[in-house]
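Throughout, the working numbering is defined as the position within the sequence shown, counted from one, plus 34.
Beta carbons: idealized from backbone N, C-alpha and C, even for Gly.
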Amino acid sequence: MIKKWWKHVSVKELIKDLVATVFALSIIILAGFLIWVSTLEIPDLSSFEERRVLQSTKIYDRTGEVLLYDLFQDVRRTVVPFEEISRHIKNATIAIEDDQFYNHHGVEPKAIVRAALTNLGQGDLLGGQGGSTLTQQVIKNSVLQREKTLTRKVKEWILAIKLERVLSKDDILGIYLNESPYGGTIYGVEEASQAFFAKKAIDVSLSEAAYLAALPQSPTYLSPYGNNKEALDTRQKLVLKRMLEQGMVSEEEYKIAETESVKFQPQAVTGIRAPHFVMFVRDQIVRKYGEEALSQRGLRIITTLDWDLQKEAERIVAERGASNVEKFKATNAGMVATDPKTGDLLVMVGSRDYFSEEIEGNFNIALASRQPGSSIKPFIYATAFSKGFLPDTIVFDVRTQFSPLCPPDSFSSESPCYSPNNYNNKFKGPINLRNALAQSLNIPAVKVLYLAGVKDSLKLAADMGITTLNDPERYGLTLVLGGGEVRLIDMTYAYGVFANEGIVAEPRSILKVEDNRGNIIDETPIATKRVLDKNVALMISNILSDNVARTPLWGANSLVNFPNRSVASKTGSTNNLRDAWLMGYAPNIAVGTWVGNNNNSPMGGGLSGLIVTPMWREFMDYALTKLPEESFSQPTINRVGVKPIIRGEFIDTTELLQTVSTSGKIDITQIYNNIHTILYYVDKNNSTGPDPINPANDPQYENWEYAVQAWKKETYGLPFTSSTTPEIN
């Protein structure tokens, strides 16, 4: 029957029936939508002037008792007439937020599509306009609750259309400019102009107006006082470009504004504790819940901050930091402390004075990328230990040319050559990895990086929490001497993995979030995973807490020596002393400290240890009084069946002992001839495997071996002859 039916129906009739069906379904769907819309409760616009009371988000320490900040306790809002707002502000806002503002009737379909694409990952949140018109944003800011639902969005569309019928475009724009958030407690363009530029809204320049227009879309992320100033600058330039494209400014005005240097006034924040930490947490809340949550939902944020430790850290960094200005020309300092077992951020001091304009104190140095110097070395050594090398393994600390493109007897570091020096311009000859790391020797560190592999070392560092060394192709052997850039907060968490015996605890700074009724709406659980072999982590802790091994560098009674507690530490400094680091930990706390200048200018007047160690030690002493005593476990070192040079013998005595057992004589010539670089005995790609058949196949072998033979000749002279061979009695 079906086949016969199809034979009697033409294609034209099928299309006609299909169109009729689709039309009928569309009518049904539209009717259903209209019926649904008619059931919605639409707020009465007569109450438009009654602004909703802001329910402020409050941030607390880990106890939930110490209020760190009430985000809207000092809300600042100054309403000014439309005529007292600069035309540049009006034009800039329209250009970046709603370029069809004077043409639509409250809702712009194209903008809705554009926003949908953005939500699907096809757009750039900070690079263009969103889906809401200025009229919709006025409704959103003033009338409706801010939950992200279809119902609320439909209400917003309806009210936007109704608002356009009762208010003029200028009235709507004026309300928007007087109500919009511009960061922190600043609301309205007049208050923003005064706060940022110490000017009235009518007096701001074109360039300043572009900055103001750039902010409302994401005022927390784009704050001129945060760590994303470059993103704000980029969006400001986009605003200016849009104004030029839309004929709001001339080419000449555009060029002047684009090159104008705009200076922001110092940030005015009162009633805040742990300001760098608070702003760090605030950014997280915004990313997760949106800007609106900060002012509308009355959230109660319980953080991981230990207020007692934070207070002490702030005091120490302020006092020691001020002393460093005169002594070492170091204007800034920062400190971070974490709990290695839980991942809790206990302390964050981003500068020695958050409110200092002179040192850009609001800039959070704990989140800035700086070169770590030798403080990166433990991650390289840990990678080598993971591949079978041991703390007893011998390498030669001798002057070495590391570039295969340069002659082995050339000790230049001009490109393409690379021949670094030790901090004291001295070389120790054969040395085990324990002493090499404890004394922070550079030549052995470069050799260890080559043996461990740059790519594998970077992977381990990333697994342990370093987020910035993510391009293996960018780095070479200079990495181990601080050739990359890292963040203080990441380094502290990564050192905490050593403290936690190879287990990383995911960083957390928020314990839980409660709504305005006390209901828990979010909790951050402890999340851990193993990223490093336990025994390898214990090897590193054992070395970094070995006072005997580091004595040649530090002396026997230094500030990093804790006779009665298990504490490991490692310093780092960069060329010309631009950065000074001290990273350290006990089993239940990790503490990282940085000293330097925000503008990367060099310090002077002392070694890095003298600059940074006193503040780290003072804080560590205080913190340890608050923590139970715990000790590092001892690592297990298996030397059975291990190659002599890996287990700590730089001369292979196997053949020598065989000769002695058969002839009763020591062949000293044989001893002399068995002194070689580690690459003679070890294939770096298979360190525990058989000796290389042809060591010269390794591109580094010739240079390393040359350096060892030169050291041997200088130390022992020419080879012995058989006439000097003694007998064994």
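Endpoints, beta strand (DSSP E) assigned at residue i
i: Asn366; result: 366-372
i: Ile560; result: Ile560 -> no beta strand (DSSP E), and no H or E assigned at all.
i: Lys604; result: 602-607
i: Thr627; result: 623-630
i: Ile537; result: 537-539
i: Glu548; result: 544-548
i: Ile399; result: Here Ile399 belongs to no beta strand (DSSP E), and DSSP marks it neither H nor E.
Through-space distance from residue j to residue i, alpha-carbon basis
i: Asn634; j: Trp341; result: 30 Å
i: Arg386; j: Gln280; result: 45 Å
i: Ala539; j: Phe397; result: 27 Å
i: Glu264; j: Val273; result: 14 Å
i: Leu4; j: Met525; result: Lying outside 35 to 763, the shown extent of the chain, residue 4 is not represented and no answer is given.
i: Asn534; j: Asp104; result: 35 Å
i: Gln299; j: Asp567; result: 50 Å
i: Tyr388; j: Ser166; result: 36 Å
i: Glu198; j: Arg612; result: 58 Å
i: Glu394; j: Met369; result: 16 Å
i: Glu360; j: Asn631; result: 13 Å
i: Gly157; j: Ile62; result: Its pLDDT being 43, under 50, Gly157 is placed unreliably by the model, and the measurement read from it follows with that caveat. Looking at the two C-alpha atoms, the distance is approximately 34 Å.
i: Ile130; j: Gly518; result: 37 Å
i: Ser449; j: Leu439; result: 10 Å
i: Thr759; j: Tyr706; result: Low per-residue confidence applies at Thr759: pLDDT is 41, beneath 50, and the placement is therefore not dependable, though the value from the model is reported in the following sentence. In a straight line, the C-alpha of Thr759 is about 12 Å away from that of Tyr706.
i: Glu391; j: Phe314; result: 19 Å
i: Pro726; j: Asp717; result: 6 Å
i: Leu616; j: Leu661; result: 20 Å
i: Gly305; j: Ala226; result: 19 Å
i: Asp204; j: Leu266; result: 27 Å
i: Leu154; j: Ser252; result: Here the model assigns Leu154 a pLDDT of 45, short of 50, so the residue's position is not dependable and the matter cannot be decided.
i: Ile523; j: Lys289; result: 40 Å
i: Leu256; j: Leu644; result: 37 Å
i: Gln134; j: Leu211; result: 17 Å
Terminal residues of the alpha helix (DSSP H) in which residue i lies
i: Gly723; result: Premise fails: Gly723 is in no alpha helix (DSSP H) and is neither H nor E.
i: Ser447; result: Per DSSP, Ser447 belongs to no alpha helix (DSSP H) and is neither H nor E.
i: His205; result: Just to set this straight, residue 205 is Asp in the shown sequence, not His. Taken as a continuous stretch (DSSP letters only), the alpha helix (DSSP H) holding Asp205 covers 203-213.
i: Ser642; result: 642-659
i: Lys124; result: 121-131
i: Gly530; result: 522-533
i: Val488; result: 488-498
i: Val429; result: Careful: Val429 lies outside any alpha helix (DSSP H), inside the beta strand (DSSP E) at 428-431.
i: Leu379; result: Unbroken run through Leu379 is the beta strand (DSSP E), 379-383; no alpha helix (DSSP H).
i: Tyr740; result: 735-750
i: Val570; result: 568-578
i: Lys411; result: 411-420
i: Asn469; result: 467-472
i: Ala243; result: 240-248
heavy atom of the ligand NAD below 6 Å from residue i C-beta
i: Asn550; result: Summarising the ligand content, the structure contains no ligands, and the ligand NAD is consequently not present.
C-beta contact flag for residue i and residue j at 7 Å
i: Thr711; j: Trp745; result: no
i: Glu736; j: Pro442; result: yes
i: Ala247; j: Ala126; result: yes
i: Met649; j: Ile350; result: yes
i: Asn595; j: Asn581; result: yes
i: Leu641; j: Lys604; result: no
i: Ser120; j: Ala235; result: yes
i: Ala245; j: Gln301; result: Reading the sequence as shown, one finds Tyr at residue 245 and not Ala. Not a contact, by the Cβ cut-off of 7 Å.
i: Val480; j: Leu513; result: no
i: Leu424; j: Ile680; result: yes
i: Arg331; j: Leu102; result: no
i: Ser214; j: Pro250; result: yes
i: Arg651; j: Leu587; result: no
i: Val570; j: Met498; result: no
i: Pro636; j: Gly516; result: no
i: Ala528; j: Ile560; result: no
i: Lys363; j: Gly589; result: no
i: Thr254; j: Val320; result: yes
Can you find at least 3 beta carbon pairs, one from the region 574-585 and one from the region 412-428, that sit closer than 8 Å?
Taking 8 Å as the limit for Cβ pairs, the verdict is that the region 412-428 does touch the region 574-585.
Could you tell me whether the region 451-469 touches the region 426-433, using the rule of 3 or more Cβ pairs below 8 Å?
Yes: at least three Cβ pairs fall under 8 Å.
Stretch-stretch touch, CB-based, cutoff 8 Å, three pairs: the region 594-603 with the region 484-492
The answer is no - the region 484-492 does not touch the region 594-603, with fewer than three Cβ pairs under 8 Å.
Which ranges does the beta strand (DSSP E) cover as unbroken runs of at least 3 residues, wholly within the region 302-346, from first to last along the chain?
Segments of the beta strand (DSSP E) lying fully in the region 302-346: 334-337.
Between the region 544-556 and the region 321-337, are three or more C-beta pairs nearer than 8 Å?
When C-beta atoms of the region 544-556 are compared with those of the region 321-337, three or more pairs fall below 8 Å, so the two segments count as touching.
Three CB pairs or more closer than 8 Å across the region 372-383 and the region 618-626:
Taking 8 Å as the limit for Cβ pairs, the verdict is that the region 618-626 does touch the region 372-383.
Threshold first: 4 residues or longer. Then list the alpha helix (DSSP H) segments lying entirely within the region 263-298, N to C.
263-279, 285-293, all fully within the region 263-298.
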